[in-house]
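Note sheet for the following structure.
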Amino acid sequence: MELEFRTTSPLKEASELLAVPVFQSREDLVGLAAELDQALGGILSRARSRGDFRGREEDSLLLYASEEEGPARVAFLGAGPQDEMDADLIRRVAGRAVRLAEANSVTQLSFLVPQGNGEGVNVHDVAYRVQAAAEGMALASWDFRELVSEKDPEEEDGPPPLVTEGWLHLDSSAQDPEEVDGDGAVRTGHAVAEGQNLARDLQWRPGNVATPTHLGWVAEQLADAYGFGSRILGPGELEEEGMEALLSVSRGSDEEPRFIVLEHRGAGDDVPMVALVGKGLTFDTGGVSLKPAKGMESMKYDMSGGAAVLGAMKTVGLLQLPINVVGVVPSSENMVNGSANKPGDVIGTRAGKTVEVINTDAEGRLILADALSYTVDHFSPAAVVDCATLTGACVVALGHHAAALLGTDDDLMDELRAAGDRSGERCWPLPLWKPYRKQLESTVADLKNVGGRPAGSITAGWFLSEFVGSTSWAHLDIAGTAYGESDRPYHRKGGFGFPTRLLAEWLLARSS
Ligand code: BES
Ligand code: MN
Ligand code: ZN
5 MELEFRTTSP LKEASELLAV PVFQSREDLV GLAAELDQAL GGILSRARSR GDFRGREEDS
65 LLLYASEEEG PARVAFLGAG PQDEMDADLI RRVAGRAVRL AEANSVTQLS FLVPQGNGEG
125 VNVHDVAYRV QAAAEGMALA SWDFRELVSE KDPEEEDGPP PLVTEGWLHL DSSAQDPEEV
185 DGDGAVRTGH AVAEGQNLAR DLQWRPGNVA TPTHLGWVAE QLADAYGFGS RILGPGELEE
245 EGMEALLSVS RGSDEEPRFI VLEHRGAGDD VPMVALVGKG LTFDTGGVSL KPAKGMESMK
305 YDMSGGAAVL GAMKTVGLLQ LPINVVGVVP SSENMVNGSA NKPGDVIGTR AGKTVEVINT
365 DAEGRLILAD ALSYTVDHFS PAAVVDCATL TGACVVALGH HAAALLGTDD DLMDELRAAG
425 DRSGERCWPL PLWKPYRKQL ESTVADLKNV GGRPAGSITA GWFLSEFVGS TSWAHLDIAG
485 TAYGESDRPY HRKGGFGFPT RLLAEWLLAR SS
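In structure tokens form, the structure reads like this:
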């Protein structure tokens, strides 16, 4: 979609639909909402006084303006209590505006970025509100349509056209739009959303399309488009690198593994790298420790971590951020054949440690072990952040509203917490205390790949930590947040591209 920051009044510009957020309040309307209400003969005031439109997040009111100039349609969208406004509220309202446009087959949308009256409004600055609105609009106007046959709009009920043009406005009664770097904010928000949209494309593609080879190909496209250095390793090179753990998982499948490395150098050579590592398991059957059939189709999302890393790299490329960052994605299927890992097998790893494979379904930590040791050895990064749909236990612990955060560096974890809050992709810490380590002790190898049922996300984190040496490292378990079964205001049910925005915000913060 095309996004543009406009400094003119949205009442004076011809548009298809103008969406105006209205907070939940008993007080009189102010600013542009009041002006619009007056122009529309007081309809909003009457709807408010009758209690039909209370400004709750689920409220909306679509009206048709009569003026020749200005918007053809006006939508008032409830935005909840003003003192609860945060950046994600803005993304959500912007997303609802896009859905309303879609429902009316309108492809151009003007959006008034909510500002509040300055009282009780959260810490985010105006520019960040514009960025969040841009994100919400560009995320909501994405859909995955590449695998459905094109329908004749005259004959069949095809899906509505997507919104292609978005204009962002500020209420000049609260803030002079000329004083805000709106263009920069829109550019940043758009780039973040484009990164997340790529992540969702990759997630939504089924296992037979988004294979490890496909992810490698997409990574090469990114390298070409944004000038990244790239290495896409295949089986022979993995052998040479000694990535026995990744190879052992991929041996159960006919699809070749890929090990993806994208390198962006936006800062001086003396500035240390930061590294993003994402699990790119393109389909997880569980292997010999086979998963139940019910719901197994959602294991196409087991590459969500890798998708988010590629998405965040796209954002980095679009904005050419002044940082050095490497994105690493180990990619494989976890299938069953005569060569597949078996429970009880002892395998080697790139780092030299041996692992007893208790359960072949704990494959993510195996491919990540090799990826983490490769990353710390080749790049000596100042910080490594990995993200992975790693454990069902994470879903039990935190449900669908926060990723689990574990790591070896409290400052890094604080940075990620802050990036999570800002981006609306939140994460919450679990303790990586020493006593949990005991659960991974093996009688025949250096480590077991499973630490039993208690604290499954923590023992998985402990396993990974064995492969980062003394490097500052944090891990995000995104099993509960990467995808979901119901629509969200700016996401359709399916892959959510989580945590692309969190990673992008973290990199943005580190580059400023
Ligand atoms: N990909 C799964 C984790 C997962 C579960 C992601 C549910 C999304 C939703 C991972 O490879 C896995 O199977 N983990 C096992 C580990 C266990 C065998 C120790 C799990 O969590 O059941
Ligand atoms: Mn698994
Ligand atoms: Zn898995």
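For reference, each letter of the sequence shown is one residue, going 5 to 516 in this note's numbering. Using N, Cα and C, we set each Cβ at its ideal position, and we do this for glycine too. Keep in mind it's a predicted model, so treat the numbers as computed, not measured.
Asked                                                                                                                                                                      : Found
Smallest Cα separation from Glu61: which of Pro25, Glu198 and Asp365?                                                                                                      : Pro25
Check for me: the beta strand (DSSP E) holding Trp146 runs from which residue to which?                                                                                    : Trp146 -> no beta strand (DSSP E), and no H or E assigned at all.
What distance in whole Å lies between the Cβ atoms of Ala486 and Phe471, which are believed to be in contact at a cut-off of 8 Å?                                          : Their Cβ separation, rounded to whole angstroms, is 22 Å, which puts Phe471 and Ala486 out of contact at 8 Å.
Which residues in the same chain as Ser257 place their Cβ atom closer than 6 Å to its Cβ, once the five residues preceding and following it in sequence are excluded?      : Glu337 and Met339
Taking 6 Å as the limit between beta carbons, can you name the residues of its chain near Gly122, skipping five residues before and five after?                            : Below a pLDDT of 50, predicted positions are generally treated as unreliable, and Gly122, at 48, falls in that range; the measurement from the model is reported next regardless. Correct list: empty, nothing qualifies.
Quick check: the Cα distance between Thr412 and Ala316, rounded to an integer number of angstroms?                                                                         : 23 Å
Report the rounded CA-to-CA distance for Val127 versus Ala366, giving the unit in angstroms.                                                                               : Here the model assigns Val127 a pLDDT of 45, short of 50, so the residue's position is not dependable, and the following value carries that caveat. Rounded to whole angstroms, Val127 to Ala366 spans 41 Å at the Cα level.
Along the chain, which unbroken stretches of the alpha helix (DSSP H) at least 4 residues long are found entirely within the region 195 to 275?                            : 216 to 230, 239 to 245 and 248 to 254
Excluding the 5 residues preceding and the 5 following Glu429 in the sequence, name in chain order all residues of the same chain whose CB lies nearer than 6 Å to its CB. : Phe502, Pro503, Arg505 and Leu506
Under three-state DSSP, which class holds Ile327?                                                                                                                          : coil
What's the C-alpha gap between Val399 and Thr168?                                                                                                                          : 35 Å
Tell me the residue span of the alpha helix (DSSP H) that contains Gln112.                                                                                                 : Where Gln112 is concerned, there is no enclosing alpha helix (DSSP H), although the beta strand (DSSP E) it sits in stretches over Gln112 to Val117.
Tell me which residue opens and which closes the beta strand (DSSP E) that Tyr68 is part of.                                                                               : Ser64 to Tyr68
Since Ser427 is in the alpha helix (DSSP H), which residue starts that stretch and which ends it?                                                                          : Asp414 to Ser427
Less than 7 Å separating the Cβ of Leu285 from some heavy atom of the ligand ZN?                                                                                           : yes
Got a sec? Which residues, its chain only, sit under 7 Å from Ser515 by beta carbon, not counting five neighbours each side?                                               : Leu325, Pro326 and Ile327
Does DSSP put Val184 in a helix, in a strand, or in coil?                                                                                                                  : coil
Could you tell me how far apart the beta carbons of Gly310 and Gly290 are, in whole angstroms, since I believe they sit closer than 8 Å?                                   : About 19 Å; that fails the 8 Å criterion.
Grouping DSSP H, G and I as helix and E and B as strand, with all else coil, what is Val34?                                                                                : coil
Give the single residue among Pro439, Leu65 and Trp432 whose Cα lies nearest to the Cα of Ile482.                                                                          : Trp432
For Leu22 and Gly199, what's the separation of their Cα atoms in angstroms?                                                                                                : 26 Å
Is it the case that the CB of Thr353 approaches a heavy atom of the ligand ZN more closely than 7 Å?                                                                       : no
At the level of alpha carbons, what is the spacing between Thr215 and Phe287?                                                                                              : 8 Å
Between Ser363 and the ligand ZN, is the CB less than 7 Å from at least one heavy atom?                                                                                    : Here the sequence assigns Asn to residue 363, which means Ser is not the residue at that position. Checking the Cβ of Asn363 against the ligand ZN gives no.
Measure the C-alpha to C-alpha separation of Thr11 and Ala422 and round it to an integer number of angstroms.                                                              : 31 Å
Shortest alpha-carbon distance to Leu512 belongs to which of Leu143, Glu73, Glu106 and Thr192?                                                                             : Thr192
Using only alpha-carbon positions, find the residue among Gly55, Phe263 and Ala136 that is nearest to Gly186.                                                              : Ala136
Suppose only complete runs of 4+ residues qualify. What are the alpha helix (DSSP H) ranges in the region 300 to 349, listed by chain order?                               : 308 to 323
Go ahead and pull the three-state DSSP assignment for Ala408.                                                                                                              : strand
DSSP puts Trp477 in a beta bridge; with which residues?                                                                                                                    : Val388
Any idea if Trp437 is buried or exposed, counting beta-carbon neighbours within 10 angstroms, 16 or more meaning buried?                                                   : exposed
The ligand BES and Asp306: does any heavy atom of the ligand fall closer than 7 Å to the residue's C-beta?                                                                 : yes
How far does the alpha helix (DSSP H) with Val400 in it reach, from first residue to last?                                                                                 : Gly396 to Leu402
How many whole angstroms separate the CB atoms of Arg58 and Pro493, which I take to be in contact at a CB cut-off of 8 Å?                                                  : Wrong, their Cβ atoms sit about 18 Å apart, outside the cutoff.
In chain order, what residues of the same chain lie with their CB nearer than 7 Å to the CB of Ala519, ignoring the 5 residues before and after it?                        : Past the boundaries of the shown model lies residue 519; the chain is included only from 5 to 516, so the question cannot be answered.
Restricting to Cα atoms, I'd like to know which of Gln443, Gly465 and Leu81 is closest to Asn457.                                                                          : What sits at residue 457 in the sequence shown is Arg, not Asn. The shortest Cα separation from Arg457 among Gln443, Gly465 and Leu81 belongs to Gln443.
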